[in-house]
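Down below is the structure, laid out as structure tokens.
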Amino acid sequence: MRQAIVWLHRWVGLATLLFIAVAAITGVIIAFDKELDHTLNRDLFYVEAAGQRMAMDELVKRAESVYEGKRVTFVRSPVEADRAYEFYLRTPNAQGAEEASFFKATNKYHTAYINPYTGVVLGARVNGEFGVDRRHLIPMLVKLHYTWYLGDFGKWLIGIAALLWLIDHFGAVYLSFPNLKSWKKSFAFRWNAGGHKLNFDMHRSGSMWILPVLIALALSSVYLNLNDQFKWVVNKFSPLTTVECSCHVDPNAKWLADTASWDGAIKLAQQTKPDMVVGGMTFLPDTRKFIVSMKSSEDLTAEVGMTKVYVNAITGELMHVHDRSAETAGDTFNAWQLPLHSGRVFGIIGQIIILLSGIVITIICVTGFLIYLKKANARDAKQANAAIPTPASVVDYSKPQNANS
């Protein structure tokens, strides 16, 4: 049993090593992706607060004028007075906008940054375009972290690696505690021993010290990269809330047609949830649906907002309110995955934990590979020694041989 788990741990580790290492290294940086991006590109994200913000309908028109033929499908509208609005635009695709989430790897988002007080376009960029300049560095690392620039196939590969990594943790725990009476050894580091012994402790004990974080990261990675499959499994245990829209239209013929007012949807959402503030807004052109994200003190993070107000973008009528108080257990479980993965659910402390965990995971990957190399070299040496003839089997041809032998 133990030998089988050792074999599986070795080969699963080698198969997923590169994926985990790249995720860990990039994760160290993108634990503070927004803070770093805002620092590198202050001219895009910060404005001087002056008077009232302009109407969203007008701001959307200005954003769409930056990229002709593209449609605004997401707006991030920070509540801070000195922040610019971010408009994410894209072109229609054959699969339809309804299927396109913010994390969908094949989407190519163009982003326009606009001063909400003056309507001035501060700048624009292609989100996730490969580049190491200040405009593209952080979005590039985020896309590398999630997709390896291989589109949906990259997400699938990383998702499979994350699933194998998650399962492998249980084997690692079994191997780390061969004898429960000596459990302390699995958390100890033989600093003075150096060499292979210290490498082994860094790999085993380092993993055990941050095991809860490792499991949370692996599980949330599966959610982010194999989202449909993850939700399908969760739905078997707890039904997930879904909102169907009856106003389907031809995505190719109607994609750029007029819709109801963005401001009207915002006003309706504010009337529906007067104790909350608008943090962002999504538009699904294929099904003519606005989703207004409302922020409250009950949210897991300070991001866009976890309460969703669905508005029919053709009639302007209220469709549905996804209130966190009405969430199923499955909804709540899913809602925790991204905030856990980023660490932002625990604020700055959580982000620091993710940053440090990325460093530790990188060390675990390196020491694991060194352990494999040492054992592989030892096996090769053993096989080489076994192939050398023993003295008893060596024939001395300088002496006369018995004809009958």
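First residue of the sequence shown: -2, per this note's numbering; consecutive thereafter.
For glycine and all other residues, C-beta sits at the position ideal for the given N, C-alpha and C.
What's the call for L15, buried or exposed, on a 16-neighbour Cβ count within 10 Å? Working through the sequence shown from its first residue, we reach residue 15 at position 18. It is exposed - the Cβ of L15 has fewer than 16 other Cβ atoms within 10 Å.
Between the segment 47 to 66 and the segment 254 to 274, do at least 3 Cβ pairs fall closer than 8 Å? Counting C-beta pairs closer than 8 Å gives three or more between the segment 47 to 66 and the segment 254 to 274, which meets the contact rule.
If you draw a straight line from the C-alpha of T298 to the C-alpha of R341, how long is it? Locating residue 298 in the sequence shown gives position 301, counting from the first residue. Locating residue 341 in the sequence shown gives position 344, counting from the first residue. When rounded, the distance between both Cα atoms is 6 Å.
Of the residues H166, R59, N382 and I111, the one placed nearest R7, counting alpha carbons only: Position 10 of the sequence shown, counted from the start, is the residue given in the question as residue 7. Residue H166 is the option with its Cα nearest to R7.
With a cut-off of 8 Å on the beta carbons, I'd call S354 and L214 a contact; round off their distance for me. Reading the sequence shown from its first residue, position 357 is the one you call residue 354. Reading the sequence shown from its first residue, position 217 is the one you call residue 214. About 7 Å separates the two Cβ atoms, so the contact holds.
So Y110 and A81 are supposed to be a Cβ contact under 8 Å. How far apart are they, rounded? Translated into positions along the sequence shown, residue 110 becomes position 113. Translated into positions along the sequence shown, residue 81 becomes position 84. Confirmed, about 5 Å.
Where in the segment 125 to 186 do unbroken runs of the alpha helix (DSSP H), each at least 4 residues long, occur, reported from the N-terminal end onward? Listed in chain order, they are 134 to 144 and 148 to 173.
Boundaries (first-last residue) of the alpha helix (DSSP H) holding F18: Numbered from 1 along the sequence shown, position 21 holds the residue referred to as residue 18. Per the sequence shown, the amino acid found at residue 18 is Ala instead of Phe. Its alpha helix (DSSP H) spans residues R(-1) to I27.
Under three-state DSSP, which class holds L297? The sequence position of residue 297 within the sequence shown is 300, counting from 1. Coil.
Looking at the unbroken alpha helix (DSSP H) that takes in K305, where does it start and where does it end? Along the sequence shown, read from residue 1 onward, the residue named residue 305 stands at position 308. Taken as a continuous stretch (DSSP letters only), K305 belongs to no alpha helix (DSSP H), being part of the beta strand (DSSP E) at T304 to N309.
If we ignore side chains and look at the alpha-carbon of each, how far apart do L221 and A28 end up? Reading the sequence shown from its first residue, position 224 is the one you call residue 221. Reading the sequence shown from its first residue, position 31 is the one you call residue 28. The straight-line gap from Cα to Cα measures roughly 16 Å.
Quick one: residues in its chain with C-beta nearer than 8 Å to the C-beta of R131, no 5 flanking neighbours on either side, listed in chain order? Taking the first residue of the sequence shown as 1, we reach residue 131 at position 134. Answer for R131: L37 and N38, listed in chain order.
Since E83 sits in a beta bridge, which residues does DSSP pair it with? As a position in the sequence shown, residue 83 is number 86, starting the count at 1. Beta bridge pairing from DSSP links E83 with R73 and Y110.
DSSP three-state label for A121, please. As a working mapping, residue 121 is identified with position 124 in the sequence shown. In the displayed model, A121 falls within a strand according to three-state DSSP.
Following the continuous alpha helix (DSSP H) through F227, name the residue where it begins and the one where it ends. In the sequence shown, the residue the question calls residue 227 occupies position 230. Segment N224 to F234, the alpha helix (DSSP H) holding F227.
Between D328 and H142, what straight-line distance do the alpha-carbon atoms span, to the nearest angstrom? Position 331 of the sequence shown holds residue 328. Position 145 of the sequence shown holds residue 142. In a straight line, the C-alpha of D328 is about 25 Å away from that of H142.
Based on Cα-Cα distance, which residue from K270, S293 and Y369 lies nearest to W4? In the sequence shown, the residue the question calls residue 4 occupies position 7. W4 has its Cα closest to that of Y369, out of K270, S293 and Y369.
To the nearest angstrom, how far is it from the Cα of L138 to the Cα of R68? By 1-based counting over the sequence shown, the position of residue 138 is 141. By 1-based counting over the sequence shown, the position of residue 68 is 71. Their backbone Cα atoms lie some 25 Å apart in a straight line.
Can you tell me which residues form a DSSP beta bridge with K292? Here residue 292 refers to the residue found at position 295 of the sequence shown. DSSP, once it has assigned bridges, lists V274 as partnering K292.
Rounded to whole angstroms, how far is the Cβ of A12 from the Cβ of I358, which I believe are closer than 8 Å? On the sequence shown, position 15 is the one that residue 12 refers to. On the sequence shown, position 361 is the one that residue 358 refers to. In fact, because the Cβ distance is near 16 Å, the residues do not count as touching under 8 Å.
Proximity winner among R50, I288, Y64 and N189, relative to H319 (alpha-carbon distances): Working through the sequence shown from its first residue, we reach residue 319 at position 322. Nearest in C-alpha terms to H319, of all of R50, I288, Y64 and N189, is I288.
So what does DSSP say about R59, is it helix, strand or coil? Stepping through the sequence shown from its first residue, residue 59 is reached at position 62. The answer is helix: DSSP assigns R59 an H, G or I state.
State the DSSP-derived secondary structure class of R341, mapped to helix, strand or coil. Locating residue 341 in the sequence shown gives position 344, counting from the first residue. Correct three-state label for R341: helix.
Reduced DSSP secondary structure (H/G/I, E/B, other) of A205: Within the sequence shown, the letter at position 208 stands for residue 205. A quick correction: the sequence has Met, not Ala, at residue 205. Helix at M205.
With a 10 Å radius around its C-beta and 16 neighbouring C-beta atoms as the bar for buried, classify V231 as buried or exposed. The residue given as residue 231 occupies position 234 in the sequence shown. Counting C-beta atoms within 10 angstroms of its own C-beta, V231 has 16 or more neighbours from the protein chains shown and is therefore classed as buried.
With a cut-off of 8 Å on the beta carbons, I'd call I2 and Y171 a contact; round off their distance for me. For the purposes of this step, residue 2 is identified with residue 5 of the sequence shown, where counting begins at 1. For the purposes of this step, residue 171 is identified with residue 174 of the sequence shown, where counting begins at 1. In this structure I2 touches Y171 by the C-beta definition: roughly 6 Å separates them, less than 8 Å.
How close, in whole Å, do the beta carbons of I17 and A158 come, if the pair is a contact with beta carbons under 8 Å? Stepping through the sequence shown from its first residue, residue 17 is reached at position 20. Stepping through the sequence shown from its first residue, residue 158 is reached at position 161. I17 to A158, Cβ: 7 Å. Contact.
Helix, strand or coil, according to DSSP, for V44 in the structure here? One-based indexing of the sequence shown puts residue 44 at position 47. If DSSP states are grouped into helix, strand and coil, V44 belongs with coil.
According to the neighbour-count rule (16 or more other Cβ atoms, all chains shown, within 10 Å of its Cβ), is W162 buried or exposed? If you number the sequence shown from 1, residue 162 lands on position 165. Answer is buried; the Cβ neighbour count reaches 16.
Within 10 Å of its beta-carbon, does K58 have 16 or more other beta-carbons around it, so buried, or fewer, so exposed? Stepping through the sequence shown from its first residue, residue 58 is reached at position 61. With fewer than 16 Cβ atoms within 10 Å of its Cβ, K58 is classed as exposed.
Please name the residue in G66, S74, L367 and T284 whose C-alpha comes closest to that of L86. Counting from one through the sequence shown, the residue named residue 86 turns up at place 89. Minimum Cα distance to L86 is reached at G66.
Could you compute how far the alpha carbon of E126 sits from the alpha carbon of E83? Sequence index remark: in the sequence shown, residue 126 carries index 129 (1-based). Sequence index remark: in the sequence shown, residue 83 carries index 86 (1-based). For E126 and E83, the distance between alpha carbons rounds to 17 Å.
With DSSP run on the structure shown, which of helix, strand or coil describes T36? Mapped onto the sequence shown, residue 36 falls at position 39. T36 sits in a helix when the DSSP states are folded into three classes.
Grouping DSSP H, G and I as helix and E and B as strand, with all else coil, what is G93? Translated into positions along the sequence shown, residue 93 becomes position 96. Model confidence at G93 stands at a pLDDT of 45, short of 50, so the residue's coordinates are unreliable and nothing is read from them.
Looking at the strands, I want to know which residues DSSP matches up with L281. Start at 1 with the first residue of the sequence shown, and residue 281 comes out as number 284. Assignment of beta-bridge partners to L281 by DSSP yields K286.
Sequence-distant residues of its chain with Cβ nearer than 6 Å to R73 (five each side left out): Translated into the one-based positions of the sequence shown, residue 73 becomes position 76. These residues qualify, in order along the chain: E83 and G277.
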